[in-house]
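A.B. asks: Below you'll find the structure I mean.
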Amino acid sequence: PMGVHTGDSITVAPAQTLTDKEYQIMRNAAIDIIREIGVATGGSNIQFAIDPKTGEMIVIEMNPRVSRSSALASKATGFPIAKFAAKLAIGYTLDEIKNDITRVTPASFEPTLDYCVVKIPRFTFEKFLKTEPILSTQMKSVGEVMSIGRTFKEALQKAIRSLETGIYGFEEDFQFSLNQVGLSPDQQKDKLLAKLSKPFSDRLWHVAAALRRGISINQVYKLTGIDPWFLDNISTLIKFEKKLLGLNKISNLDNDILLESKKLGFSDIHLAKMLNCSENDIYQRRKQAEIFPVFKRVDTCGAEFEAFTPYLYSTYEEECEADVTNNKKIMILGGGPNRIGQGIEFDYCCVHASFALREDGYETIMVNCNPETVSTDYDTSDRLYFEPLTFEDIMNIIRVEKPDGVIVQLGGQTPLKLALSLMNEGVPIIGTSPIDIDRAENRQLFTEVINKLGLNQPENGTAVSYQEAQKIADRIGYPVVVRPSYVLGGRAMEIVYSQDRLEHYMKHAVQASPEHPILIDDFLEDAIEIDVDAISDGHDV
Numbered sequence: 023p024m025g026v027h028t029g030d031s032i033t034v035a036p037a038q039t040l041t042d043k044e045y046q047i048m049r050n051a052a053i054d055i056i057r058e059i060g061v062a063t064g065g066s067n068i069q070f071a072i073d074p075k076t077g078e079m080i081v082i083e084m085n086p087r088v089s090r091s092s093a094l095a096s097k098a099t100g101f102p103i104a105k106f107a108a109k110l111a112i113g114y115t116l117d118e119i120k121n122d123i124t125r126v127t128p129a130s131f132e133p134t135l136d137y138c139v140v141k142i143p144r145f146t147f148e149k150f151l152k153t154e155p156i157l158s159t160q161m162k163s164v165g166e167v168m169s170i171g172r173t174f175k176e177a178l179q180k181a182i183r184s185l186e187t188g189i190y191g192f193e194e195d196f197q198f199s200l201n202q203v204g205l206s207p208d209q210q211k212d213k214l215l216a217k218l219s220k221p222f223s224d225r226l227w228h229v230a231a232a233l234r235r236g237i238s239i240n241q242v243y244k245l246t247g248i249d250p251w252f253l254d255n256i257s258t259l260i261k262f263e264k265k266l267l268g269l270n271k272i273s274n275l276d277n278d279i280l281l282e283s284k285k286l287g288f289s290d291i292h293l294a295k296m297l298n299c300s301e302n303d304i305y306q307r308r309k310q311a312e313i314f315p316v317f318k319r320v321d322t323c324g325a326e327f328e329a330f331t332p333y334l335y336s337t338y339e340e341e342c343e344a345d346v347t348n349n350k351k352i353m354i355l356g357g358g359p360n361r362i363g364q365g366i367e368f369d370y371c372c373v374h375a376s377f378a379l380r381e382d383g384y385e386t387i388m389v390n391c392n393p394e395t396v397s398t399d400y401d402t403s404d405r406l407y408f409e410p411l412t413f414e415d416i417m418n419i420i421r422v423e424k425p426d427g428v429i430v431q432l433g434g435q436t437p438l439k440l441a442l443s444l445m446n447e448g449v450p451i452i453g454t455s456p457i458d459i460d461r462a463e464n465r466q467l468f469t470e471v472i473n474k475l476g477l478n479q480p481e482n483g484t485a486v487s488y489q490e491a492q493k494i495a496d497r498i499g500y501p502v503v504v505r506p507s508y509v510l511g512g513r514a515m516e517i518v519y520s521q522d523r524l525e526h527y528m529k530h531a532v533q534a535s536p537e538h539p540i541l542i543d544d545f546l547e548d549a550i551e552i553d554v555d556a557i558s559d560g561h562d563v
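Offset between the sequence shown (1-based) and the numbering used here: plus 22.
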């Protein structure tokens, strides 16, 4: 709804809640506006607001340039707006420019979508605890993800797990459930209704929680302004979730329900949480039942013409359009959504790796879900998979492509976290061994290396629970620095001055586990920290 910046809004394409008449009025108005302003060549995007009750239309803004919105439109449709704009600027006309994907249709042939695209912004309010996570006309997101599915429900759930926030569906995240502790069902509803009236950054989960507690779609619509069509789709997911929770364990899950859940976009890890089992249990069950996705092509023409560019997304249907080759091939895992500490510099590495491998005669396969990057241009690599960077989604691609190697070390923290799991499934990892990656990323293992080498370090200890953390902090003395494993850019690191703050940190800021221990070390006051980047071939540094 209005009042939230475009960059902080969820975007769905094609438009799901416009009538054909409204769409045509907007299209004609957009062309008239461009002509009146005098945009002779290049890209322009015009944003409209429409009153669903009266049908009144208002132009919010016009950008007579290539913008973030046009970049998203390019990725969603496979229609390279910036590239065509450059050609138009030097004198070409649309009918003279060939579509790269079909190779037969001209650029004047408007793209047609036979799939659904969802863009969700990525926020990092956890970095700014004193900032209220309420959205306004000022943009607050730091990145975004895009997903493609056959239906809105599937694309929405794929986008949620692409965000890499530790949430894989509409589960009630710890920040939200924290607010419900000790409240009666009626008090929970009242608190929810108060929250729904404000555009919080995690409003999507507030909507799901409201529907879960019996608040009607109409009431949610009145409070949020979100169209009932979208609310009805979310309600369908919540009802199916209730059905899954009723099964209680994986032995009660039959293949039909499992397939239906996958078609709705439920991830293995989300199903595992609801069925009280591990992600691997669901994965093995899918293997046993041969329930795997197929890959469809983004072809700009709704399958009217053949697509020559392998720009692919997964869905649970019958026909697979991947058309894999037997060439030597290397898969590169991208960095996912931009965030503080992990941004475009990693995408630069992935893109140049793709160029270099292509020069060496390898077929390059790029996997990423960030529409703001060069790596997700369909012509950067030989094959592009616009997919979430999760273990499940990557294994689905590897099962079909069978690459000769996978590069995990160029996409930042996102693929590094997956290295061990992929290796354990027999995936050939190129570059630094996943065991050595774990030795550097796992705080406990790294501390053991430092101790073995006899190097100086602040007094410290590693913990996998609050009780262990409390004992270590009491031994060292406050203030202490707490740092989780497998993080980049200082995410979730904190200087802790008291036992109360340590308890809050351990319960709400991180999820400690034997695989991801927390390092607690003495905070050296008035100290200077120096970062040194070094590279070694095993002999020379």
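Glycine included, C-beta positions come from ideal geometry on N, C-alpha and C.
1) Could you give the DSSP three-state label for C323: helix, strand or coil?
2) Pick helix, strand or coil for K27, following the three-state DSSP scheme.
3) Given I550, which residues of its chain have a CB within under 7 Å of its CB, disregarding the five upstream and five downstream residues?
4) Who are the near neighbours of A51 in its chain, counting only those whose CB is closer than 6 Å to its CB and skipping five residues on each side?
5) Determine the extent of the beta strand (DSSP E) in which N390 is found, giving its start and end residues.
6) DSSP three-state label for C138, please.
7) Taking the alpha carbon of G483 as the reference point, which residue from G476, L475, D496 and L477 has its own alpha carbon closest?
8) With distance defined between alpha-carbon atoms, name the residue in P207, L259, L297 and E447 nearest to G268.
9) Going along the chain, which residues of its own chain have a beta-carbon closer than 7 Å to the beta-carbon of A485, five neighbours each way excluded?
10) Put Y508 into one of helix, strand or coil per three-state DSSP.
11) With K351 as the anchor, note down where its beta strand (DSSP E) starts and where it stops.
12) To the nearest angstrom, how far is it from the Cα of C138 to the Cα of Q241?
13) Decide if K351 is buried, meaning its Cβ has at least 16 other Cβ atoms within 10 Å, or exposed.
14) So if DSSP puts L334 in a beta bridge, which residue, or which two residues, is it bridged to?
15) Within this structure, are the beta carbons of L280 and R308 separated by less than 8 Å?
16) Count Cβ pairs between the segment 409-426 and the segment 340-360 that sit closer than 8 Å; are there 3 or more?
17) If I follow the unbroken alpha helix (DSSP H) through F70, where does it start and stop?
18) CB of S163 to nearest heavy atom of the ligand NAD: below 7 Å?
19) Out of H374, D321, D208 and G287, which has the shortest C-alpha to C-alpha gap to A98?
20) DSSP state of R87, grouped into three classes?
21) Measure the CB-CB distance between I429 and L510 and report whether it falls below 8 Å.
22) Out of D42, Q431, T412 and P102, state which residue places its alpha-carbon closest to the alpha-carbon of E367.
23) Out of Y400, E547, I459 and E282, which one is the CA nearest neighbour of I123?
24) Could you give the C-beta distance for V167 and V34, rounded to a whole number, given that I count them as a contact under 8 Å?
25) Can you give me the C-alpha to C-alpha distance between P128 and H526, rounded to a whole angstrom?
26) Where do the N-terminal and C-terminal ends of the alpha helix (DSSP H) with G268 fall, by residue?
27) Spell out the partners DSSP gives D543 in its beta bridges.
28) Rounding to the nearest angstrom, what Cα-Cα distance links I53 and S130 in this structure?
29) My guess is that N360 and G165 are in contact by the Cβ rule of under 8 Å, so how many angstroms apart are they, rounded?
30) Report yes if the CB atom of A62 is closer than 8 Å to the CB atom of M24, and no otherwise.
31) Could you have a look at Q241 and say whether DSSP puts it in helix, strand or coil?
32) Is K162 closer than 8 Å to D171 when the C-beta atoms are compared?
33) Run through DSSP, which three-state label would I56 get?
C.D. replies: On the basis of the data shown:
1) strand
2) The question names Lys, but residue 27 in the sequence shown is His. It is coil, neither helix nor strand.
3) The answer is none, since no qualifying residue turns up.
4) none
5) E385 to N390
6) In the structure shown, C138 sits in a strand (DSSP, three-state: E or B).
7) D496
8) For G268, the nearest C-alpha among the options comes from L297.
9) These residues qualify, in order along the chain: A491, I494, A534, P539, I540 and I542.
10) coil
11) In this chain, the beta strand (DSSP E) harbouring K351 covers K351 to L355.
12) 27 Å
13) buried
14) R319 and Y407
15) For L280 and R308, yes; Cβs fall inside 8 Å.
16) yes
17) Here F70 belongs to no alpha helix (DSSP H); instead the beta strand (DSSP E) covers N67 to I72.
18) In the structure on display, the ligand NAD does not appear, and there are no ligands present to speak of.
19) D321
20) coil
21) no
22) Q431
23) Cα-wise, what sits closest to I123 is Y400.
24) About 13 Å; that fails the 8 Å criterion.
25) 59 Å
26) Per DSSP, G268 belongs to the alpha helix (DSSP H) from P250 to L269.
27) N482 and V503, per the DSSP bridge assignment.
28) Cα to Cα, the separation comes out at about 14 Å.
29) 3 Å
30) Cβ distance not < 8 Å, so A62 and M24 don't count as in contact.
31) helix
32) For the record, residue 171 in the displayed sequence is Gly; it is not Asp. Not a contact, by the Cβ cut-off of 8 Å.
33) It is helical.
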